[in-house]
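Visitor: Dropping the structure in here first, questions after.
Protein chains: 2
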Amino acid sequence: MKQSHGKDERHAVKVELIAVVAAVAGGQPVVLTIGQGSALPSGPFELGHRSLQAGLREWVEQQTGHPLGYIEQLYTFADRDRISDEHALRAISISYLGLAREDSAEGRPRRDWGSWYGYFPWEDHRAAPPPAIAETLTPRLKNWAENSGTASREERWHRAALAFGLDGRPWNDELVLQRYELLYEAGLVAEALRGPDNAHEPSALGRKMVADHRRILATGIARLRTKIKYRPVVFELMPPFFTLLQLQRTVEALAGRLVHKQNFRRLIEQQELVEDTGETTTETGGRPAKLFRFRPAVLMERTVAGTKLPIAKA
Amino acid sequence: MKQSHGKDERHAVKVELIAVVAAVAGGQPVVLTIGQGSALPSGPFELGHRSLQAGLREWVEQQTGHPLGYIEQLYTFADRDRISDEHALRAISISYLGLAREDSAEGRPRRDWGSWYGYFPWEDHRAAPPPAIAETLTPRLKNWAENSGTASREERWHRAALAFGLDGRPWNDELVLQRYELLYEAGLVAEALRGPDNAHEPSALGRKMVADHRRILATGIARLRTKIKYRPVVFELMPPFFTLLQLQRTVEALAGRLVHKQNFRRLIEQQELVEDTGETTTETGGRPAKLFRFRPAVLMERTVAGTKLPIAKA
DNA sequence: TCCTATTATGCTCATGTCGAGTATAATAGA
DNA sequence: TCTATTATACTCGACATGAGCATAATAGGA
Chain A
248 MKQSHGKDER HAVKVELIAV VAAVAGGQPV VLTIGQGSAL PSGPFELGHR
298 SLQAGLREWV EQQTGHPLGY IEQLYTFADR DRISDEHALR AISISYLGLA
348 REDSAEGRPR RDWGSWYGYF PWEDHRAAPP PAIAETLTPR LKNWAENSGT
398 ASREERWHRA ALAFGLDGRP WNDELVLQRY ELLYEAGLVA EALRGPDNAH
448 EPSALGRKMV ADHRRILATG IARLRTKIKY RPVVFELMPP FFTLLQLQRT
498 VEALAGRLVH KQNFRRLIEQ QELVEDTGET TTETGGRPAK LFRFRPAVLM
548 ERTVAGTKLP IAKA
Chain B
248 MKQSHGKDER HAVKVELIAV VAAVAGGQPV VLTIGQGSAL PSGPFELGHR
298 SLQAGLREWV EQQTGHPLGY IEQLYTFADR DRISDEHALR AISISYLGLA
348 REDSAEGRPR RDWGSWYGYF PWEDHRAAPP PAIAETLTPR LKNWAENSGT
398 ASREERWHRA ALAFGLDGRP WNDELVLQRY ELLYEAGLVA EALRGPDNAH
448 EPSALGRKMV ADHRRILATG IARLRTKIKY RPVVFELMPP FFTLLQLQRT
498 VEALAGRLVH KQNFRRLIEQ QELVEDTGET TTETGGRPAK LFRFRPAVLM
548 ERTVAGTKLP IAKA
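Heads up: the protein sequence lines correspond to chains A and B, in order.
Quick note, our numbering runs 247 ahead of the 1-based positions in the first sequence.
Quick note, our numbering runs 247 ahead of the 1-based positions in the second sequence.
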C-alpha cells in the first residue's frame with residue numbers, strides 16, 4: 248500500500264466481457280459468433296451491469312439473440328501486444344465459457360454458429376489425424392525450429408513434437424491452447440502476422456478471428472475438453488432425452504477423438520449419471536436404442552467430488 | 248456490437264491485482280499478508296505494467312519484499328455488494344495464486360505470514376475434526392436452516408450437511424469456497440455483518456480480513472487442494488532436498504487431512520516424481536531417511552497429462 | 001549392553017478400474 | 001430370409017488403490 252491507490256484516471260481501465268458459447272449440432276462442435284464468424288460476442292462491462300455474469304448475458308443476448316444457460320468464468324487476459332499510447336485506456340478481457348443445447352442452436356440462423364474445427368483444423372482426430380498436421384504443420388514447425396539458434400533448436404522441436412504428437416508421441420486433446428500459442432509463436436497463424444486481412448481464406452491453418460478471439464476460443468475448448476472428463480457438463484449440451492450413442496457422439500465431437508463404445512457405456516452407467524426412461528427409439532438405425540435422461544441428483548452428489556490422495560483411515 | 252463501444256469514461260473501471268501466496272512453514276500452511284494479517288497483498292493495475300502478472304509481481308514485492316516464483320491466475324471478481332454510486336469507478340479484482348518455499352518464508356519477519364487455519368479453523372482435519380464444527384458451526388447452521396421458510400429449510404440443511412460433512416457424510420477437503428460462502432450466506436462470518444470491527448477476535452469462525460480478501464483466500468486454498476491431486480505443484484513449496492515424510496507432511500498441511508504413509512510413497516515413486524540423491528539424513532528421528540529431489544523432467548512429461556475417456560484404439 | 005521409542009521401507013491381499021475385444025440381440029430394408 | 005446396422009452383455013488381463021502386517025535402522029536411556 249505504498250503508492251497512490253486513489254481513484255484517479257491513471258488507473259482507469261476498459262473491461263470487456265467476452266463469451267465462448269459452445270454447442271454440438273449435427274455431430275459437429277460449434278461456437279456462437281458474430282460478424283460472419285469473425286468474432287466472439289463481447290461488450291464492455293458497464294455501470295449498469297449488476298455483475299460480470301449479468302453483463303455478459305446481456306451482451307450475448309443483444310448481439311446474437313441467444314439467452315445463455317450454463318456459464319463459468321474462463322480466464323482474464325490483458326490485451327496481448329497492443330501497447331496503448333499514454334492517453335488510451337488499457338483493455339482487459341474477462342472471458343466466459345457457456346454451454347447451449349442443440350435446439351437453441353437450431354432455432355436461429357445457422358450463420359451465428361461456427362465450427363470449432365474451421366478455426367482449428369488440426370484439432371479433429373475423430374476420423375483420422377488431420378492431414379493438415381503431416382502436410383502443412385509438421386514441415387513448417389520443423390522449419391521454424393531449424394531457423395533458430397542452436398541453443399533453442401532442440402527445445403523448439405521438442406515442444407512442437409510434444410504439443411502435436413509428432414515422432415510417435417501420443418496425441419493429447421487437452422493441449423488446444425498450447426498448440427495455438429505455439430503456432431502463434433512460430434508465426435504460422437494469421438493473427439501473428441501484420442499482413443493483409445485474408446480472414447476468409449480456408450486453410451490448413453484455420454480461419455482467423457479478430458484480435459485475440461481465437462486464442463480465447465482455444466482456451467474455452469481446452470477447458471471444456473478437460474472438464475468433461477471429471478464433471479458431468481456434457482449434459483448441458485444434450486436434449487432432455489437421448490441415446491447412449493448420441494451422448495457418445497457429443498463427447499467425441501468435443502474431445503476430437505473417438506471413444507470405445509462398450510467402455511464408454513460402462514463408465515456412464517457405473518457412475519450412475521443417467522437413468523432409463525423406459526422408452527426407446529428406432530430412429531437411430533439398427534436395433535432400437537433405449538432413451539436415457541440425465542439424473543439430476545448427481546449435480547448435488549458430484550459436488551462432493553473425488554480425491555486422489557491416499558487418505559489415511561478415520 | 249450494437250451500443251457504443253467507445254472509450255468514454257462510462258466504461259472505465261478500476262482493476263486491482265491481488266495475490267494469494269502460499270507456503271508451508273514448520274508444518275503449517277501459511278499465506279503472505281499485509282497489515283498484520285488483515286489483508287492480502289494487492290494494488291491497482293497501472294499503465295506502466297507490462298502484463299497482469301508483471302504488475303502483480305511488482306506490487307507483492309513492493310508490499311512484502313518477497314519476490315514471487317510460481318504464479319497462476321485464480322479468478323476475477325467484481326466487488327460483491329459494494330454497489331458504487333454514479334460517479335465512482337467500479338472495482339474488479341484479478342486474483343492470482345502464488346507458491347513460495349519455506350526458506351523464503353523464513354528470511355522475513357514472521358508477521359508477514361498468516362496461518363490458513365487461523366482464517367478457516369474448520370478446515371484443518373489433520374489431528375481430528377476441528378471442535379469448532381461440532382460445537383459452534385453445526386448448531387448455528389442448524390439454527391440458520393430452521394429460521395427460514397419451510398420451503399428452503401430442508402435445502403439449507405442439506406447444503407450445510409454436504410459442505411461440512413455432517414450427518415455422517417464424508418468430509419471433502421476441496422469445498423473450501425463453498426463452505427466459506429455458505430457461512431457468509433448464513434451471516435456467520437464477520438465480513439457478512441456490518442457491525443463493529445472486531446478483526447482480531449480469535450474465534451471458531453476464524454480471523455476476518457478486509458473486504459472480500461478472505462473469500463479470495465478460500466478460492467486459492469480450494470484451487471491448491473484440487474491441484475496437488477493431479478499436478479506436481481507441491482514441489483514449488485519444497486526445498487531442493489527432502490525426505491518423503493517431509494513431502495507427505497507438506498501435502499497434509501495443504502489438504503488439511505492425513506495421508507496413508509506407505510501408499511503415499513508408493514504413489515510418489517510409481518509416478519516417478521522424485522529421484523534418489525544417494526544421501527540420507529538422520530535429523531528426522533529414527534531410522535535415517537533417504538533424501539530425494541524433484542525430477543524436473545516430469546514438468547515436461549506431465550504437460551502431456553492424463554485423460555479419463557475410454558479412448559478407442561488407433 | 002540391551003531395550004524401547006521412533007521413523008523408514010518393503011510386501012501382501014482383496015477390490016476396483018481400465019483398455020480391448022468377443023458374443024449376442026433387435027431392428028429395417030433388400 | 002439374408003444382410004447391414006446399431007444396441008447391449010460379458011470376459012480377461014494389466015494395473016491402480018485402500019488397508020495393513022512386517023522388518024530395518026537409528027538415538028537415547030535403563
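Glycine is no exception: its CB is placed at the ideal position from the N, C-alpha and C atoms.
1) Just how far apart, CA to CA, sit A/GLN300 and A/ARG426?
2) Give, in chain order, every unbroken run of the alpha helix (DSSP H) that is at least 4 residues long and sits entirely within the stretch 486-530 of chain B.
3) Counting only Cβ pairs nearer than 7 Å, list the residues of chain B close to A/TYR477.
4) What do you get for A/THR466, buried or exposed, if any count of 16 or more other CB atoms within 10 angstroms of its CB means buried?
5) Between the C-alpha atoms of A/ASP359 and A/TRP306, what's the straight-line distance to the nearest angstrom?
6) Return the CA-CA distance between A/SER331 and A/ARG337, expressed in angstroms with no decimal places.
7) For B/ALA270, tell me which candidate among B/SER450, B/LYS508, B/LEU346 has the shortest Cα-Cα distance.
8) Which residues of the stretch 495-507 of chain B have a Cβ closer than 8 Å to any Cβ of chain A? Give them in chain order.
9) Could you check where the alpha helix (DSSP H) with A/THR383 kicks off and where it finishes?
10) Checking contacts by CB at 8 Å: is B/LYS455 closer than that to chain A?
11) Is the shortest distance between the beta-carbon of A/LEU430 and the beta-carbons of chain B less than 8 Å?
12) I want to see whether chain B comes within less than 8 Å of A/PHE565, judged by CB atoms only; does it?
13) Does the stretch 361-368 of chain A come close enough to the stretch 452-462 of chain A to have 3 or more Cβ pairs within less than 8 Å?
14) Any idea if A/ALA544 is buried or exposed, counting beta-carbon neighbours within 10 angstroms, 16 or more meaning buried?
15) What does B/LYS537 pair with, by DSSP beta-bridge criteria?
16) According to DSSP, which residues form a beta bridge with B/ARG337?
17) Determine the closest residue to A/GLY295 out of B/LEU464, B/VAL267, B/VAL260, with distance taken between C-alpha atoms.
18) Alpha carbon to alpha carbon, how far is B/ASP326 from A/THR529? Give it in angstroms, no decimals.
19) Can you name the residues that DSSP bridges to A/ILE463?
20) Look at A/HIS372 and B/ILE558 and say whether their C-beta atoms are less than 8 Å apart.
21) By how many angstroms is the C-alpha of B/GLN493 removed from the C-alpha of B/PHE367?
22) Around the Cβ of A/GLY532, are there at least 16 other Cβ atoms within 10 angstroms (buried) or fewer (exposed)?
23) Between A/LEU298 and chain B, is the shortest Cβ-Cβ distance under 8 Å, so that the two count as touching?
24) Which residues of chain B have a Cβ atom closer than 7 Å to the Cβ of A/PHE511, listed in chain order?
25) Can you list, in chain order, the residues of its chain with a C-beta nearer than 8 Å to that of A/ALA408? Leave out the 5 residues immediately preceding and following it.
26) I'd like to confirm the pairing. Which residues does DSSP put opposite A/TRP360 in its beta bridges?
27) So which residues of chain B does A/ILE339 contact, with C-beta pairs closer than 9 Å?
28) Should B/PRO276 be labelled buried (16 or more other beta-carbon atoms within 10 Å of its own) or exposed?
29) Mind pulling the chain B residues with CB within less than 7 Å of A/LEU514?
30) Going along chain B, which residues have a C-beta under 9 Å from A/GLN517?
31) Check for me: the alpha helix (DSSP H) holding A/GLU401 runs from which residue to which?
32) Mapping DSSP to helix, strand and coil, what is A/LEU429?
33) Under 8 Å by Cβ, that's how I've got A/GLU432 and A/ARG461 pegged, so tell me the actual separation to the nearest angstrom.
34) Using DSSP with H/G/I as helix, E/B as strand and the rest coil, what is B/ALA272?
35) I'd like to check one pair, A/SER298 with A/THR323: are the Cβ atoms closer than 8 Å?
36) If I follow the unbroken beta strand (DSSP E) through A/LEU321, where does it start and stop?
Guide: Straight from the coordinates:
1) If you number the first sequence from 1, residue 300 of chain A lands on position 53. If you number the first sequence from 1, residue 426 of chain A lands on position 179. Linking A/GLN300 to A/ARG426 through their CA atoms gives a straight-line distance of about 29 Å.
2) Qualifying alpha helix (DSSP H) stretches, in chain order: 491-502, 508-517.
3) One-based indexing of the first sequence puts residue 477 of chain A at position 230. Correct list: LYS555.
4) For the purposes of this step, residue 466 of chain A is identified with residue 219 of the first sequence, where counting begins at 1. Buried: at least 16 other Cβ atoms inside 10 Å.
5) Here the question's residue 359 of chain A lines up with position 112 in the first sequence. Here the question's residue 306 of chain A lines up with position 59 in the first sequence. So the two alpha carbons sit approximately 15 Å from each other.
6) As a position in the first sequence, residue 331 of chain A is number 84, starting the count at 1. As a position in the first sequence, residue 337 of chain A is number 90, starting the count at 1. Low local confidence applies: a pLDDT of 49 at A/SER331 is under 50, so the model's placement there is unreliable, with the coordinate-based value given in what follows. The alpha-carbon atoms of A/SER331 and A/ARG337 are separated by roughly 6 Å.
7) Stepping through the second sequence from its first residue, residue 270 of chain B is reached at position 23. Looking at the Cα atoms, B/LEU346 is the closest of the given residues.
8) VAL498, ALA502, ARG504, LEU505, VAL506, HIS507
9) Along the first sequence, one-based indexing puts residue 383 of chain A at 136. For A/THR383, there is no enclosing alpha helix (DSSP H), as DSSP gives it neither H nor E.
10) The residue you call residue 455 of chain B lines up with position 208 of the second sequence. For B/LYS455, the answer is no, since every Cβ of chain A falls outside 8 Å of its Cβ.
11) As a working mapping, residue 430 of chain A is identified with position 183 in the first sequence. Taking 8 Å as the CB threshold, A/LEU430 stays off the interface with chain B.
12) Residue numbering for chain A in the displayed model covers 248 to 561; residue 565 of chain A lies beyond these limits and cannot be assessed.
13) yes
14) In the first sequence, residue 544 of chain A corresponds to position 297, counting from 1. Exposed, by the Cβ-count rule.
15) By 1-based counting over the second sequence, the position of residue 537 of chain B is 290. Looking at the DSSP assignment, B/LYS537 forms a beta bridge with B/THR527.
16) Along the second sequence, one-based indexing puts residue 337 of chain B at 90. Bridge partners of B/ARG337: B/VAL260.
17) Here the question's residue 295 of chain A lines up with position 48 in the first sequence. Residue B/VAL260 is the option with its Cα nearest to A/GLY295.
18) For the purposes of this step, residue 529 of chain A is identified with residue 282 of the first sequence, where counting begins at 1. For the purposes of this step, residue 326 of chain B is identified with residue 79 of the second sequence, where counting begins at 1. If you take the alpha carbons of A/THR529 and B/ASP326, they lie about 53 Å apart.
19) Taking the first residue of the first sequence as 1, we reach residue 463 of chain A at position 216. Partner(s): none; A/ILE463 has no beta bridge.
20) Taking the first sequence and counting its residues from 1, the one referred to as residue 372 of chain A is at position 125. Taking the second sequence and counting its residues from 1, the one referred to as residue 558 of chain B is at position 311. It is not a contact, given that the beta carbons lie outside the stated cut-off.
21) Position 120 of the second sequence holds residue 367 of chain B. Position 246 of the second sequence holds residue 493 of chain B. Going by the C-alpha atoms only, they are around 23 Å apart.
22) Along the first sequence, read from residue 1 onward, the residue named residue 532 of chain A stands at position 285. Exposed is the call here.
23) In the first sequence, residue 298 of chain A corresponds to position 51, counting from 1. As written in the sequence, residue 298 of chain A is Ser, which differs from the Leu given in the question. True, the Cβ-Cβ gap to chain B drops below 8 Å.
24) In the first sequence, the residue the question calls residue 511 of chain A occupies position 264. Neighbours of A/PHE511 on chain B, chain order: PRO557.
25) By 1-based counting over the first sequence, the position of residue 408 of chain A is 161. ASP414, ARG416.
26) The residue labelled residue 360 of chain A in the question sits at position 113 within the first sequence. For A/TRP360, which the question treats as bridged, DSSP gives the partners A/LEU279.
27) Counting from 1 along the first sequence, the entry for residue 339 of chain A is found at position 92. Simply VAL260, VAL262, PHE292, LEU299, THR323, ILE339, ILE341.
28) For this step, residue 276 of chain B is matched to residue 29 along the second sequence. It is buried - the Cβ of B/PRO276 has at least 16 other Cβ atoms within 10 Å.
29) Residue 514 of chain A sits at position 267 when you count from the first residue of the first sequence. Residues of chain B passing the Cβ test: PRO557.
30) Counting from one through the first sequence, the residue named residue 517 of chain A turns up at place 270. Under the 9 Å cutoff, chain B gives no residues; its nearest Cβ is about 12 Å from A/GLN517.
31) Counting from 1 along the first sequence, the entry for residue 401 of chain A is found at position 154. Its alpha helix (DSSP H) spans residues 397-411.
32) Taking the first residue of the first sequence as position 1, residue 429 of chain A is located at position 182. The answer is helix: DSSP assigns A/LEU429 an H, G or I state.
33) Here residue 432 of chain A refers to the residue found at position 185 of the first sequence. Here residue 461 of chain A refers to the residue found at position 214 of the first sequence. That belief does not hold up - the Cβ atoms of A/GLU432 and A/ARG461 are roughly 14 Å apart, past 8 Å.
34) Against the second sequence, residue 272 of chain B aligns to sequence position 25. Looking at B/ALA272 - three-state DSSP - the assignment turns out to be strand.
35) Working through the first sequence from its first residue, we reach residue 323 of chain A at position 76. Working through the first sequence from its first residue, we reach residue 298 of chain A at position 51. Their beta carbons are not under 8 Å apart, which means A/THR323 does not touch A/SER298 by this criterion.
36) Your numbering for residue 321 of chain A matches position 74 in the first sequence. A/LEU321: member of the beta strand (DSSP E) spanning 317-325, first to last residue.
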